[in-house]
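According to UniProt numbering, the stretch in the sequence shown is residues 1 to 150, in order. For reference, the structure discussed in these notes is given below.
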Amino acid sequence: MLMVPYREQDHAKLVAVWERAVRATHTFLEEHHILFYKQMVSEALEQKQVEVWEVLDAEQEPMGFIGLDNSFIEMLFVDEHFQGQGVGKFLIFQTMKMKGTELRVDVNEQNEDAARFYAKMGFVQIGRSELDGSGNPFPLLHLEMKRTNA
Numbered sequence: 001m002l003m004v005p006y007r008e009q010d011h012a013k014l015v016a017v018w019e020r021a022v023r024a025t026h027t028f029l030e031e032h033h034i035l036f037y038k039q040m041v042s043e044a045l046e047q048k049q050v051e052v053w054e055v056l057d058a059e060q061e062p063m064g065f066i067g068l069d070n071s072f073i074e075m076l077f078v079d080e081h082f083q084g085q086g087v088g089k090f091l092i093f094q095t096m097k098m099k100g101t102e103l104r105v106d107v108n109e110q111n112e113d114a115a116r117f118y119a120k121m122g123f124v125q126i127g128r129s130e131l132d133g134s135g136n137p138f139p140l141l142h143l144e145m146k147r148t149n150a
């Protein structure tokens, strides 16, 4: 696996990775929510609203990506075909090397697999919100990394 900065030529591929990942893991979302968030993610990537890093496979194709605002993980998505194969863990460890271990992330409470993943990676819950960042009724767990080694 190789992590590289966002490549504009991969924009559509990353949006497709996001959509496959969300459809596989965010079963609580209705179709109109997916379309709403898909547009938001597409714009965030295109307008470079966050620092994006891609994970590439041996053929230089994106398997997943992470979007950062300093040490806050705004988004981390792994293509459904690569979930459970260490891609997310790779993204977190590479991010720790770049940003240190004081990472934070919000995760949808209904996305239990993601909550378990972050707990395994050393994140602990420090808060909760009833609404997501767009004001929708999808509670967020606020997590912070509690480990000292990168």
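From the three backbone atoms N, C-alpha and C, an ideal C-beta is built for every residue, glycine too. Please read all numbers here as calculations on a predicted model, not as lab measurements.
> Got a sec, what are the start and stop residues for the alpha helix (DSSP H) His81 sits in?
Replying inline: For His81, there is no enclosing alpha helix (DSSP H), as DSSP gives it neither H nor E.
> Would a C-beta distance cut-off of 7 Å place Glu109 and Ile126 closer than the cut-off?
Replying inline: Remark: C-beta atoms of Glu109 and Ile126 do not approach each other more closely than 7 Å.
> Rounded to a whole number of angstroms, what is the C-alpha to C-alpha distance between Ile92 and Val4?
Replying inline: Approximately 14 Å, taken between the alpha carbons.
>> Extract the residue ranges of the beta strand (DSSP E) inside the UniProt domain "N-acetyltransferase" (1-150), only unbroken runs of 3 or more that lie entirely within it.
In response: Complete beta strand (DSSP E) runs here, min 3: 2-5, 51-56, 62-69, 72-78, 104-108, 123-129 and 140-145.
> Do Phe72 and Val52 have their C-beta atoms within less than 7 Å of each other?
Replying inline: Val52 sits away from Phe72, with the two beta carbons spaced by 7 Å or more.
> Is the CB-CB distance between Asp113 and Thr27 below 7 Å?
Replying inline: Cβ distance not < 7 Å, so Asp113 and Thr27 don't count as in contact.
> Does the beta-carbon distance from Val87 to Leu68 come in below 7 Å?
Replying inline: No. Outside cutoff.
> Should Val55 and Trp18 be called a contact, given that it needs their Cβ atoms to be closer than 7 Å?
Replying inline: No.
> Mind checking Gln83: buried by the 16 CB within 10 Å criterion, or exposed?
Replying inline: Its Cβ being crowded by 16 or more others within 10 Å, Gln83 is buried.
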